[in-house]
Amino acid sequence: MKKKDIIIGLLIIFIITSLSGYLLAQVYKVTKPKIEQQKKDEGQKLYKEIFPEGVEFTEEKEYIAVYDDEKKLLGRIYHIVQAGYGGPIVIKAGFDTEGKVKGVRILEHSETPGLGAKITEKSFLNQFAGKSGKKLYLKKYDKEGTIDAITGATISSKAVSDGVIKIQEKIKAEGKINETD
Amino acid sequence: MKELTCSPHIHSSETTAKIMWSVVIALLPATLASIYFFGLDALRVIIVCIISCYIGEVVSHFVFNRKLKSFDGSEVVTGLLLAFVLPPSIPLWMAGIGGFLAIFLVKELFGGIGFNIFNPALAARSILTVSFPLEMTQFTAPLSYRVDAITTATPLGIIKEGIGGQLPSLWQMFIGNRPGCLGETSILLLVIGAIFLLCRKIITWHIPVSYILTVVVITSIAGQNPIFHILAGGLVLGAFFMATDYVTSPITPKGKIIFGIGCGIITSLIRLKGSYPEGVAYSVIFMNMFVPLIDRYTLPKKFGAIKK
Amino acid sequence: MKLIEPKNFFAGIWKENPIFFLMLGLCPLLAVSSSLKDALGMGIAFIFVLTGANITVSLIRRFVPSHIRIPVFIVVIATFVTIADYSLAAYLPKLHRNLGVYLPLMVVNCIILGRAEAFASKNNILNSALDGLGMGLGFTLAIVIIAILRELPGQGTLFGIRTFGENYKPFLIMIMPPGAFFVIGFLIALKNSIGGRKRC
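Protein chains in written order, with this note's numbering: chain A, 1239 to 1419; chain B, 109 to 416; chain C, 11 to 210.
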């Protein structure tokens, strides 16, 4: 190959990549605000589902603080990754200031469809709402537990319950609960 | 069916049909035991499995335009073995799908008897396990101690989930009075059937012995009771009747021992570390894939071939 | 070749269908065919990228020396894929999330690169556009058929709408990876038995 060919080739690649770069920059400019808005909306929607009373959600270092319209702290939403049956389960759980669970949602998981995947269903997750302490355990594992495991998917159910319990213990250890009793 | 090796071949009076019916006879005691322990549920599942295997055979003969071969009893063997690895409470239509798939998908699609890569019964069971995980993991207790709860956990399931549950005694597990798949429970009668097959020289000792020994060694090292691991789950059924399937196991003794050890390692790993309580089905299927490779490296050199 | 030839359009749909006859691009086909919605989205993104890349490659075919054509093709394809990626993320975020990594993976999809190399770099713009549309439609057709055959038994739904009633027990293996292999295997077998297998 002659030197000339190499230089021409380089030049052509340079022109084409610059053109493509320019084009992509334009597309990026148009779509970026949209994409960010979508992400934000999605987050807000999720937080609202976990914490229906919340009006303002602000991201702190380790959690998302939930305020009502008078800027009063209602509670916090935590994020935890727990090992499930088929892989990690990403759990978001909201706790009010008294340490009771407000709501639990599953962001990501790779549990068995039709079995462990049922952890995302409301009928399972709503069991956690309003509970605290040992009540968050599965019935099978603790006498005081009140959570019914999904039939045939004890391990997945236990992972969610363990995750919620872990968050609760963390909150307790950090003293983020206004003990009322 | 004859083992295919390079010549010279010995002519014998064994035919495929003869071998297959011997296997059926060997499975008979355990079949009766399953009906005794699980009642009519077991009988229904067995009948549906065998019939659906025949349907699979007929359909595939039409679809693939093959000549309708004389039925050689291999459908009965596949159907029985499939029923043996299903829970007794399984809905019958699922058992039917399993039998059909075992023959159509796993056996005939790969070229019919003698050409299938995977053990038909176990492959069908795996498809069912993946498709209907709930129904495939619900086990009913044997009739004799069905007190309150109808569904219970198998002994291996109790250990895996780590929750309180009454483990059956070793003796109960030996005679088969425990929850589990239809035919895997009665170790005593399975062993009687296996001894019959060994005496008839239909199976050899290599695979079962190396398989079970490997499980014993690994579970002992892991600090668990090896006797429990032999008696619980489908190890005996798998080692004597599934892993020894002619078509899907290696030909030479050396290859068979490698095959058995491989099965044993995978079974123990799944039981000890995996998320499923039982691993016999998957380990046998997994090792099935290695059979061509094992055969390739363990077949004796042809006479007159030049050593490389 | 004439300025415009309709047969270029129809070739991709059946006679040279990239999936059933050329057996190319099986990766996105197997991965995102578990639901009809995702499959349709993938198909449309695919048509967009393939047609765009074909037109562009045909447009610049005279300026690009042959020794640098592959990197140039990749840059062109990557540009279109990234446009599709951004737009989906902005306007159809749910579909974007479901397609996941398989959308960016289109950059190295062998159908797209193959059409750029085998067709667009040798033909005029109109014919290349037709070829891209046809091949894209052929791919979409294949992925939609496979998605229907997987979603229907595997979830008992179509487009997310229940078709078999509440009591239907889904045959879950069909929406898992093995189901994709089963379906495509059976479809290719069916095609071979209809169209006759090409023997070499």
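From the three backbone atoms N, C-alpha and C, an ideal C-beta is built for every residue, glycine too.
Burial state of residue i, where buried means 16 or more other Cβ atoms lie within 10 Å
i, result
"Ala1391 (chain A)", "buried"
"Glu425 (chain B)", "Only positions 109 to 416 of chain B appear in the structure, and residue 425 (chain B) is not among them; the question remains open."
"Cys307 (chain B)", "exposed"
"Gly1413 (chain A)", "exposed"
"Met397 (chain B)", "exposed"
"Arg72 (chain C)", "exposed"
"Met145 (chain C)", "buried"
"Asn64 (chain C)", "buried"
"Val1319 (chain A)", "exposed"
"Glu1291 (chain A)", "exposed"
"Lys364 (chain B)", "buried"
"Pro180 (chain C)", "buried"
"Gln165 (chain C)", "buried"
"Gly187 (chain B)", "buried"
"Glu1300 (chain A)", "exposed"
"Phe1289 (chain A)", "buried"
"Cys114 (chain B)", "Residue placement at Cys114 (chain B) is flagged as unreliable, the pLDDT there being 49, under the threshold of 50; the coordinate-derived value follows with that caveat. Exposed is the call here."
"Ala389 (chain B)", "buried"
"Arg160 (chain C)", "buried"
"Met116 (chain C)", "buried"
"Leu301 (chain B)", "First, the amino acid is wrong: residue 301 (chain B) is Gly here, not Leu. Buried."
"Ile127 (chain B)", "buried"
"Ala1182 (chain A)", "A query on residue 1182 (chain A) cannot be resolved here, the shown segment of chain A reaching from 1239 to 1419 and no further."
"Tyr1323 (chain A)", "buried"
"Gly142 (chain C)", "buried"
Spatially closest choice to residue i from the options, by CA coordinates
i, options, result
"Ala99 (chain C)", "A:Lys1278, A:Gly1332, A:Gly1341", "A:Lys1278"
"Thr262 (chain B)", "B:Gly164, B:Leu339, B:His169, B:Lys381", "B:Leu339"
"Lys1356 (chain A)", "A:Gly1371, A:Lys1396, A:Gly1337", "A:Lys1396"
"Val167 (chain B)", "B:Leu148, B:Leu188, B:Leu209, B:Val132", "B:Leu209"
"Ile221 (chain B)", "B:Arg404, B:Phe367, B:Arg152, B:Tyr354", "B:Tyr354"
"Ile475 (chain B)", "B:Gly341, B:Val131, B:Ile211", "This structure does not reach residue 475 (chain B), given that chain B is present from 109 up to 416, and the question cannot be answered."
"Leu40 (chain C)", "C:Gly205, C:Gln165, C:Ile185", "C:Ile185"
"Ile90 (chain B)", "B:Phe145, B:Met128, B:Arg379, B:Phe226", "In the structure displayed, chain B extends from 109 to 416; residue 90 (chain B) sits before or after that span and is not available."
"Ile374 (chain B)", "B:Ile359, B:Pro361, B:Ala347, B:Pro358", "B:Ala347"
"Asp48 (chain C)", "C:Leu136, C:Phe196, C:Thr150, C:Asn137", "C:Thr150"
"Asn173 (chain B)", "B:Ala134, B:Ile154, B:Leu217", "B:Leu217"
"Ala232 (chain B)", "B:Cys161, B:Ser294, B:Trp279, B:Gly284", "B:Cys161"
"Ile54 (chain C)", "C:Leu113, C:Ala88, C:Phe30", "C:Leu113"
"Gln332 (chain B)", "B:Thr360, B:Lys268, B:Ser142", "B:Lys268"
"Pro361 (chain B)", "B:Ile311, B:Thr123, B:Gly288, B:Trp129", "B:Ile311"
"Ile124 (chain C)", "C:Leu13, C:Pro16, C:Lys17, C:Asn27", "For the sequence presented, residue 124 (chain C) should be read as Gly rather than Ile. The candidate whose alpha carbon is nearest that of Gly124 (chain C) is C:Asn27."
"Glu1298 (chain A)", "A:Asp1306, A:His1317, A:Lys1283, A:Ala1263", "A:His1317"
Where residue i meets chain C, residues with beta-carbon distance less than 8 angstroms
i, result
"Val1265 (chain A)", "Thr92, Ile93, Tyr96, Ser97"
"Val238 (chain B)", "Leu182, Ile183, Met186, Pro188"
Proximal chain C residues relative to residue i, where beta-carbon distance stays under 9 angstroms
i, result
"Lys1283 (chain A)", "Within 9 angstroms Cβ-Cβ: nothing; Lys1283 (chain A) doesn't reach chain C, min ~11 angstroms."
Interface residues of chain B facing residue i [CB-CB closer than 7 angstroms]
i, result
"Thr1389 (chain A)", "Leu242"
7 angstroms Cβ cut-off: residues of chain A touching residue i
i, result
"Ser383 (chain B)", "Tyr1323, Ile1393"
"Thr245 (chain B)", "Gly1390"
"Thr89 (chain C)", "Ser1258, Leu1261, Leu1262"
Cross-chain neighbours of residue i in chain A, by beta carbon under 8 angstroms
i, result
"Pro163 (chain C)", "Those within 8 angstroms of Pro163 (chain C) in chain A number zero; the least Cβ separation is about 13 angstroms."
"Val82 (chain C)", "Ile1250, Ile1251, Ile1254"
"Val85 (chain C)", "Ile1251, Ile1254, Thr1255, Ser1258"
Residue i: CB within 8 angstroms of a non-hydrogen atom of the ligand FMN
i, result
"Leu1248 (chain A)", "Annotation note on the ligand FMN: not contained in the displayed structure, which lists no ligands."
Neighbour list for residue i in chain C, Cβ cutoff strictly below 7 angstroms
i, result
"Ile235 (chain B)", "Ile183"
"Ile1327 (chain A)", "In chain order: nothing, as chain C lies at least about 17 angstroms away."
Going along the chain, which residues of the stretch 168-188 of chain C sit with their C-beta nearer than 9 angstroms to a C-beta in chain B? Cβ contacts with chain B: Lys179, Pro180, Phe181, Leu182, Ile183, Met184, Met186, Pro188.
What are the residues of the stretch 97-112 of chain C that lie near chain A, defined by any Cβ-Cβ distance shorter than 8 angstroms? Under the 8 angstroms Cβ criterion, the stretch 97-112 of chain C contributes Ser97, Ala99, Ala100, Tyr101, Pro103.
inquiry  = If the cut-off is 7 angstroms on Cβ atoms, which residues from the stretch 1240-1265 of chain A count as contacting chain C, listed in chain order?
reply    = Within the stretch 1240-1265 of chain A, the qualifying residues are Asp1243, Ile1246, Gly1247, Ile1250, Ile1251, Ile1254, Thr1255, Ser1258, Leu1261, Leu1262, Val1265.
My parser needs the alpha helix (DSSP H) runs of 4 or more residues fully inside the stretch 90-154 of chain C; what are they?
103-109, 120-125, all fully within the stretch 90-154 of chain C.
- Message: If the cut-off is 8 angstroms on Cβ atoms, which residues from the stretch 1351-1363 of chain A count as contacting chain C, listed in chain order?
- Response: Against chain C - using a Cβ distance shorter than 8 angstroms - the residues of the stretch 1351-1363 of chain A are Pro1351, Gly1352.
Beta strand (DSSP E) runs wholly inside the stretch 1313-1365 of chain A, at least 3 long, in chain order:
As far as the stretch 1313-1365 of chain A is concerned, its whole beta strand (DSSP E) runs of at least 3 residues are 1326-1334, 1339-1346.
TODO: Please list the segments of the alpha helix (DSSP H) lying wholly inside the stretch 260-345 of chain B, counting only runs of 4 or more residues, in order along the chain.
DONE: Qualifying alpha helix (DSSP H) stretches, in chain order: 263-269, 278-283, 295-307, 314-329, 334-339.
Taking beta-carbon pairs under 8 angstroms, can you tell me which members of the stretch 50-82 of chain C lie near chain A?
Taken in chain order, the members of the stretch 50-82 of chain C whose beta-carbon sits within less than 8 angstroms of a beta-carbon on chain A are Ile70, Phe73, Val74, Pro75, His77, Ile78, Pro81, Val82.
Practice problem: Quick one: which residues of the stretch 1265-1279 of chain A get their C-beta closer than 7 angstroms to a C-beta of chain C? List them in chain order. | Solution: Contact annotation: in the stretch 1265-1279 of chain A, residues whose CB is within less than 7 angstroms of a CB in chain C are Val1265, Tyr1266, Thr1269, Lys1272, Ile1273, Gln1276.
Could you give the uninterrupted runs of the alpha helix (DSSP H) lying entirely in the stretch 383-414 of chain B, keeping only those of 4 residues or more?
Counting whole runs of 4 or more residues, the stretch 383-414 of chain B contains the alpha helix (DSSP H) stretches 388-396, 399-406.
- Message: Quick check for students: name the residue ranges of the alpha helix (DSSP H) that lie wholly in the stretch 168-201 of chain B, counting only runs of 4 or more.
- Response: Runs of the alpha helix (DSSP H) lying entirely within the stretch 168-201 of chain B and spanning at least 4 residues, in chain order: 182-192.
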